[in-house]
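Take a look at the structure below.
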Amino acid sequence: MNLLNVENLHVAFRTEEGTFRDAVRGVSFSLGREKLGIVGESGSGKSLTGRSILGVLPPYARMSADRLEFDNIDLRDASPRLRRSLRGSRLGMILQDPKFSLNPVMRIGDQIVEAIRIGNRRMSGRDARRKALETLEAVHIREPERVARLYAHELSGGMGQRVMIGMMVVREPDLLVADEPTSALDVSVRTQVLSILDELVTRRGMGLIFISHDLNLVSKFCDRVIVMYAGRIVETLQADRLQEAQHPYTRGLLSCLPSINRSLEPLPVLQREASWAELGQ
Amino acid sequence: MMIEIKDLSVTFGSSTAVRNASFSVAEGESFGLVGESGSGKSTILRTIMGLNWNWSGTIRVADLDPARTPRKTLARVVQMVFQDPYASLHPRYVIGHQIAEPMVINAIPNVQRRTAELLDLIGLPADFQFRYPHELSGGQRQRVAIARALALSPRVLLLDEPTSALDVSIQAEILNLLNRLRRELNLTFVLVSHDLAVISYMCERLMVMRNAAPVETLTREQLRAGDVADGYSRQLLAAS
Chain X
1 MNLLNVENLH
11 VAFRTEEGTF
21 RDAVRGVSFS
31 LGREKLGIVG
41 ESGSGKSLTG
51 RSILGVLPPY
61 ARMSADRLEF
71 DNIDLRDASP
81 RLRRSLRGSR
91 LGMILQDPKF
101 SLNPVMRIGD
111 QIVEAIRIGN
121 RRMSGRDARR
131 KALETLEAVH
141 IREPERVARL
151 YAHELSGGMG
161 QRVMIGMMVV
171 REPDLLVADE
181 PTSALDVSVR
191 TQVLSILDEL
201 VTRRGMGLIF
211 ISHDLNLVSK
221 FCDRVIVMYA
231 GRIVETLQAD
241 RLQEAQHPYT
251 RGLLSCLPSI
261 NRSLEPLPVL
271 QREASWAELG
281 Q
Chain C
1001 MMIEIKDLSV
1011 TFGSSTAVRN
1021 ASFSVAEGES
1031 FGLVGESGSG
1041 KSTILRTIMG
1051 LNWNWSGTIR
1061 VADLDPARTP
1071 RKTLARVVQM
1081 VFQDPYASLH
1091 PRYVIGHQIA
1101 EPMVINAIPN
1111 VQRRTAELLD
1121 LIGLPADFQF
1131 RYPHELSGGQ
1141 RQRVAIARAL
1151 ALSPRVLLLD
1161 EPTSALDVSI
1171 QAEILNLLNR
1181 LRRELNLTFV
1191 LVSHDLAVIS
1201 YMCERLMVMR
1211 NAAPVETLTR
1221 EQLRAGDVAD
1231 GYSRQLLAAS
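Going down the list, the sequences are from chains X and C.
224 is the number that this note's numbering gives to position 224 of the first sequence; each next residue is one higher, with no gaps.
Add 1000 to a position in the second sequence, counting from 1, and you land on the number used in this note's numbering.
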């Protein structure tokens, strides 16, 4: 039983001439209770794919799919009301930059309490408060009482990102879409954030879609990896077999990465081929 | 030595952003600064450029003291390239204007020809000078920022995370470009990055920083051999 089924997803935007141009072109995949990575360059459509699942595309985007099912709920013709009730409770999303995702004029603790009480209106203020502090502790924030009283601008990037993750997971969603959740973070904090996400998947059986441009990170962290180029999937791989990638685009991405021990020869540069963007390969 | 820093400390109000940093960079050398955000590496670059005031210690760039050198003179010796190519170009000026501006300020002759030469040097077609930044990709914009930094033929480039906002495929192109420019123009680099792999590829020597203070200085060979004394550097090495 798959948690999520996506078949032939298209997302289009209107061009200046008034026609529509597809930014996501026929993406199909399914997700169980696993960690699925989506990698690709900026503009490859990976974020739009994630946003389509949550239903948070900009209003001027046009989305269509043959199938877009979350736990047997057809999301294509779901009402805004149903969509909203799914978001936050069963579907969660973490965005790249906590600076833009947290409310700047509300204390951190109050924001988490709000998220908890939307989910359970009967919970008392005191219980919600206690749960908020537990949440901060669960994402490895020291001195949760102090941090709960802070505003977003008083947090470091890593703390802000952990708060965001805390707010999303406190409702225990079944599916979490994490869009570049660690690219604003330092390596040491990144390791912590990844272990929190990993724990949620293994312990609670959550499904995770991990969107990133960092191939190495994704191959270490995820179970499967989807590689996107120009709005379509060019290759799907088992994460531990990334080095066996067949598609020239994936191979090109892997080879142009600097590493600590590589030779000082010029880095190989990706030679793009028009055929990579063609459909039906 | 092209750059000599001794006991540099920088404060912002009550907080210390850099504490007792010392290093020197030879002419033509590339020196890396690595560390987590908030460790003070960008602050060192900005202080060398004369963009911070509250500092103590000694800074010499080509024997000039940034605190006592007129800005125009300093700008002809050292230039900086910033992290975000979207934020470092003026959205309403065409590319050619922005590359030419430092030359106009410094009354350099033949600005138009030199602008075309600079575009050629960084690998963009000459007609790009009529484009606006929003018509360029991130990698192209970073090339333009590099061209502008080279407009006054400086001897030192300070590079503050020049590729961390770019895709890896574009990063490779920019790193190759920087290496070629350093060779052809005999430039001296100070490169700030959080990515040890980039530093190892680009720099002969590097300094690891943590909590505003230098942890240790390593050569590329030491880094590659894992010959790292400090526990924090080892941790960074293990994580990348």
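Just so it is clear, CB atoms sit at the ideal spot from N, CA and C, and this is done for glycine as well.
Within chain C, partners of residue i - CB distance below 7 Å
i	result
GLY157 of chain X	SER1037
Cβ neighbour criterion (16 or more within 10 Å) applied to residue i
i	result
MET106 of chain X	exposed
ASN8 of chain X	exposed
MET1 of chain X	exposed
HIS213 of chain X	buried
TYR249 of chain X	buried
ARG1234 of chain C	exposed
GLN281 of chain X	Bear in mind that the predicted position of GLN281 of chain X carries a pLDDT of just 45, short of 50, making it too unreliable to give a figure here.
ASP74 of chain X	exposed
LEU176 of chain X	buried
PRO1070 of chain C	exposed
ALA128 of chain X	buried
GLN246 of chain X	exposed
ILE118 of chain X	exposed
SER47 of chain X	buried
LEU264 of chain X	exposed
Cross-chain neighbours of residue i in chain X, by beta carbon under 8 Å
i	result
SER1042 of chain C	Ordered by position in chain X, no residue passes the 8 Å Cβ test against SER1042 of chain C, which lies about 14 Å from the chain.
HIS1194 of chain C	ASP186, VAL187
ALA1017 of chain C	Those within 8 Å of ALA1017 of chain C in chain X number zero; the least Cβ separation is about 15 Å.
Where residue i falls: helix, strand or coil (DSSP)
i	result
PHE983 of chain C	Outside the modelled stretch of chain C, which goes from 1001 to 1240, sits residue 983 of chain C, for which no answer is possible.
LEU54 of chain X	helix
ARG204 of chain X	helix
GLN246 of chain X	coil
GLY1013 of chain C	coil
MET159 of chain X	helix
GLY1035 of chain C	strand
PHE221 of chain X	helix
HIS10 of chain X	strand
ASP1120 of chain C	helix
SER1030 of chain C	strand
VAL1168 of chain C	helix
ASN1054 of chain C	coil
PHE1082 of chain C	coil
ALA1107 of chain C	coil
ARG122 of chain X	coil
Residue from the options whose Cα sits closest to the Cα of residue i
i	options	result
THR287 of chain X	X:ASP22, X:TYR229, X:ARG224, X:ILE260	For residue 287 of chain X there is no data in the structure shown, the boundaries of chain X being 1 and 281.
LEU1008 of chain C	C:ALA1229, C:GLU1216, C:ALA1212	C:ALA1212
THR1219 of chain C	C:MET1202, C:LEU1089, C:GLN1235, C:ILE1048	C:MET1202
THR1047 of chain C	C:ARG1068, C:GLU1036, C:GLU1029, C:SER1030	C:ARG1068
VAL1094 of chain C	C:GLU1036, C:MET1049, C:VAL1078, C:ALA1145	C:ALA1145
PRO144 of chain X	X:PRO80, X:GLU134, X:GLU278	X:GLU134
VAL1198 of chain C	X:ILE53, X:PHE20, X:ASN261	X:ASN261
VAL27 of chain X	X:ALA230, X:GLN243, X:ARG272, X:GLU273	X:ALA230
ARG14 of chain X	X:VAL39, X:PRO59, X:TYR151, X:LEU102	X:PRO59
ILE1005 of chain C	C:PHE1130, C:PRO1066, C:TYR1232	C:PRO1066
LEU1121 of chain C	C:GLY1096, C:LEU1181, C:THR1073	C:LEU1181
ASN1054 of chain C	C:GLU1221, C:ALA1126, C:PHE1012	C:PHE1012
ALA1151 of chain C	C:MET1103, C:GLU1173, C:ASN1179, C:GLY1226	C:MET1103
THR1073 of chain C	C:ALA1100, C:ARG1019, C:ILE1105	C:ILE1105
LEU136 of chain X	X:VAL11, X:THR19, X:GLY109	X:GLY109
ARG1076 of chain C	C:VAL1156, C:ALA1100, C:GLN1171	C:VAL1156
PRO258 of chain X	C:ASN1176, C:ALA1225, C:THR1188	C:ASN1176
Interface partners of residue i on chain X, CB under 9 Å
i	result
HIS1090 of chain C	Near HIS1090 of chain C there are no residues of chain X at all, since even the closest Cβ is about 22 Å away, more than 9 Å.
VAL1034 of chain C	Per Cβ cutoff of 9 Å: no residues; VAL1034 of chain C is ~10 Å from chain X at best.
VAL1198 of chain C	PRO258
SER1240 of chain C	VAL187, SER259, ILE260
Listed by chain order, chain C residues near residue i by CB distance under 9 Å
i	result
HIS213 of chain X	ASP1167, VAL1168
Proximal chain C residues relative to residue i, where beta-carbon distance stays under 8 Å
i	result
VAL269 of chain X	SER1169, ALA1172, GLU1173, ASN1176
Residue i: contacting residues in chain X (beta-carbon distance under 7 Å)
i	result
LEU1236 of chain C	VAL187
TYR1086 of chain C	The premise fails here: TYR1086 of chain C is roughly 11 Å from chain X at the closest Cβ pair, so nothing lies under 7 Å.
TYR1132 of chain C	The contacting residues do not exist; TYR1132 of chain C stays about 16 Å from chain X at best.
TYR1093 of chain C	Ordered by position in chain X, no residue passes the 7 Å Cβ test against TYR1093 of chain C, which lies about 23 Å from the chain.
Item checked: Contact set between the region 1204-1230 of chain C and chain B, restricted to residues whose Cβ is under 7 Å from the partner -> Absent from the structure: chain B. Protein chains present are X and C.
Next item on the list: Check distances from the C-beta atoms of the region 244-267 of chain X to those of chain C and list, in chain order, the residues that come in under 8 Å.
Entry: Residues passing the 8 Å Cβ filter: GLY252, LEU253, CYS256, LEU257, PRO258, SER259, ILE260, ASN261, ARG262, LEU264, PRO266, LEU267.
Next item on the list: For the region 176-203 of chain X, enumerate the residues whose C-beta is nearer than 7 Å to any C-beta of chain C, in chain order.
Entry: Residues passing the 7 Å Cβ filter: ASP186, VAL187, SER188, THR191.
Check: Going along the region 25-41 of chain X in order, which residues come within less than 7 Å of chain C, judged by CB to CB distance?
Finding: Taking 7 Å as the cut-off between beta carbons, the residues of the region 25-41 of chain X near chain C are GLU41, in sequence order.
Next item on the list: Could you please tell me which residues of the region 1145-1156 of chain C, in chain order, have their CB closer than 8 Å to any CB of chain X?
Entry: Within the region 1145-1156 of chain C, no residue qualifies.
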